[in-house]
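**Student:** Each residue of the sequence shown is one higher than the last, beginning at 1039 in the numbering used here.
From the three backbone atoms N, C-alpha and C, an ideal C-beta is built for every residue, glycine too.
None of these values were measured; they are calculated from a predicted model.
Can you read through this structure? Questions will come right after.
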Amino acid sequence: MDFGILVSSLHHLPLFFSIFFLIYLTAYLFLFRNWTSKLRPEAASCLISLAHGTPAVFLASQAILSDPHHGFASPNTDFQNSVLEYSIAYFFMDLCHYLIFNPSDILFIGHHLATLFVFLTCRYLVFHGAYGILILLILAEVTSFIQNIWTLASAQKADSKIAAQVFAVLSPPFYALYTVVRGFMGPLFVYKMLAFYLSGAADTVIPMWVWLSWICVVVAAISVSILWISNRWLDLYRERLVILEKEQKIR
1039 MDFGILVSSL HHLPLFFSIF FLIYLTAYLF LFRNWTSKLR PEAASCLISL AHGTPAVFLA
1099 SQAILSDPHH GFASPNTDFQ NSVLEYSIAY FFMDLCHYLI FNPSDILFIG HHLATLFVFL
1159 TCRYLVFHGA YGILILLILA EVTSFIQNIW TLASAQKADS KIAAQVFAVL SPPFYALYTV
1219 VRGFMGPLFV YKMLAFYLSG AADTVIPMWV WLSWICVVVA AISVSILWIS NRWLDLYRER
1279 LVILEKEQKI R
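Next comes the structure, spelled out in structure tokens:
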């Protein structure tokens, strides 16, 4: 690709990054200024995640539906590229957050770097395959809204009865939705994606090392997600056991 064309194709990225940066600063300096220094960065990160997650689901859905020829090996449309840039900007911003405030959180930093690799190669290297990547983005972000509210409530539940109540009410439906999406729908779609790539139908436009790396990143992410949600279910089970034991003692 010509360098001039590459530069011109980056015009949305600085704008999107600036938007997420301003949202983060606003959250950190104003919206959550009364939170502790430990929780303020996490809350600001949640806010930019809210600004990214649900809009990304709608934008990615529209970008896919607006392309009548979409498929695992189809060329990216301009709309699809814009959605990829929107997500790239978010993950860059949140990566900066982790590098500054949580540099020891290797898991999340590694997750963001791997996700950026997938988006960047799809957008700026092979220019094909956005359909599959955007479907995965939808599956990853469809739980974003409830997850971020749950995370904010979890951070404040020790200091706020309302936050504790929100956390308790949201946990079961959030865990259930997350389990269905990450535990069943995600693996099923990745299986279909892998079967297509193994057929060789995309080899002329997406090199094997690219799509294979995509699959490895997604499988690793789904595996970690399944482990994470399994631990949340276990925590919920233990909490319910404690409550039952207390009720029995009262009786």
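Out of 1254, 1258, 1118 and 1069, point me to the one whose CA is closest to residue 1176's CA.
**Tutor:** Comparing Cα positions, the closest option is 1118.
**Student:** Only counting runs of 3 or more residues, tell me where the beta strand (DSSP E) segments fall wholly within the stretch 1125-1154, in order along the chain.
**Tutor:** Counting whole runs of 3 or more residues, the stretch 1125-1154 contains no beta strand (DSSP E) stretch at all.
**Student:** Below 8 Å on the Cβ atoms is my contact criterion, and I expect residue 1182 with residue 1087 to pass it. Report the Cβ-Cβ distance as a whole number of Å.
**Tutor:** Rounded, the Cβ-Cβ distance is 6 Å, consistent with contact.
**Student:** Does DSSP put residue 1090 in a helix, a strand or coil?
**Tutor:** Here residue 1090 sits in helix by DSSP.
**Student:** Looking only at its own chain, which residues have a Cβ that is under 7 Å from the Cβ of residue 1124, when we skip the five neighbours before and after it?
**Tutor:** Within the same chain, residue 1124 has close Cβ partners 1054, 1094 and 1097.
**Student:** Please go through the same chain and pick out, in chain order, the residues whose beta-carbon is closer than 7 Å to the beta-carbon of residue 1172, but skip the five residues on each side of it.
**Tutor:** Closer than 7 Å at Cβ, skipping near neighbours: 1098, 1101, 1102, 1118 and 1121.
**Student:** Where does residue 1166 fall in DSSP's three states?
**Tutor:** In this structure, residue 1166 counts as strand in the three-state DSSP scheme.
**Student:** On the three-state DSSP scale, how would you describe residue 1079?
**Tutor:** DSSP places residue 1079 in helix when its eight states are reduced to three.
**Student:** Buried or exposed: residue 1283, going by 16 or more other Cβ atoms within 10 Å of its Cβ?
**Tutor:** Exposed, since its Cβ has fewer than 16 Cβ neighbours within 10 Å.
**Student:** From residue 1066 to residue 1129, what does the alpha carbon distance come to, in whole angstroms?
**Tutor:** When rounded, the distance between both Cα atoms is 18 Å.
**Student:** Between residue 1109 and chain D, is there a C-beta pair that is closer than 8 Å?
**Tutor:** Looking at the structure shown, chain D is missing, and only one protein chain is on hand.
**Student:** Enumerate in chain order the residues of its own chain whose CB-to-CB distance from residue 1158 is below 7 Å, with the five nearest sequence positions on each side excluded.
**Tutor:** Closer than 7 Å at the Cβ level, and outside the excluded window around residue 1158, lie 1126.
**Student:** Determine, using beta-carbon pairs with one atom in the stretch 1209-1221 and one in the stretch 1268-1278, whether at least three such pairs fall under 8 Å.
**Tutor:** Yes: at least three Cβ pairs fall under 8 Å.
**Student:** Tell whether a beta-carbon distance below 8 Å holds between residue 1238 and residue 1169.
**Tutor:** It is not a contact, given that the beta carbons lie outside the stated cut-off.
**Student:** Drop a sphere of 10 angstroms on the beta-carbon of residue 1114, count the other beta-carbons inside from all chains shown, and report buried for 16 or more, exposed for fewer.
**Tutor:** Counting Cβ neighbours within 10 Å, residue 1114 comes out buried, since at least 16 surround it.
**Student:** Below 8 Å on the Cβ atoms is my guess for residue 1188 versus residue 1208; work out the distance and round it to an integer in Å.
**Tutor:** About 5 Å separates the two Cβ atoms, so the contact holds.
**Student:** Per DSSP, which one or two residues make a beta bridge with residue 1113?
**Tutor:** Answer is 1166, bridged to residue 1113.
**Student:** The alpha helix (DSSP H) with residue 1069 in it runs from where to where?
**Tutor:** Run containing residue 1069: none; DSSP gives neither H nor E here.
**Student:** Roughly how many whole angstroms lie between the Cα atoms of residue 1240 and residue 1051?
**Tutor:** Between residue 1240 and residue 1051, the C-alpha separation is close to 27 Å.
**Student:** Could you pull the start and end residues of the alpha helix (DSSP H) that residue 1189 belongs to?
**Tutor:** Residue 1189 -> alpha helix (DSSP H) spans 1182-1194.
**Student:** Going by C-alpha to C-alpha distance, which of 1061, 1111 and 1258 sits closest to residue 1160?
**Tutor:** Ranking 1061, 1111 and 1258 by Cα distance to residue 1160 puts 1111 first.
**Student:** Would you kindly work out how many angstroms separate the C-alpha atoms of residue 1290 and residue 1206, rounded to a whole number?
**Tutor:** Within the shown structure, residues of the chain are numbered from 1039 to 1289, placing residue 1290 beyond reach of any answer.
**Student:** Put residue 1243 into one of helix, strand or coil per three-state DSSP.
**Tutor:** If DSSP states are grouped into helix, strand and coil, residue 1243 belongs with coil.
**Student:** What three-state label does DSSP hand residue 1050 in the structure shown?
**Tutor:** Reduced to three states, the DSSP call for residue 1050 is helix.
**Student:** Determine the direct distance from the alpha carbon of residue 1246 to that of residue 1212, and round the result to whole angstroms.
**Tutor:** Approximately 36 Å between the Cα atoms of the pair.
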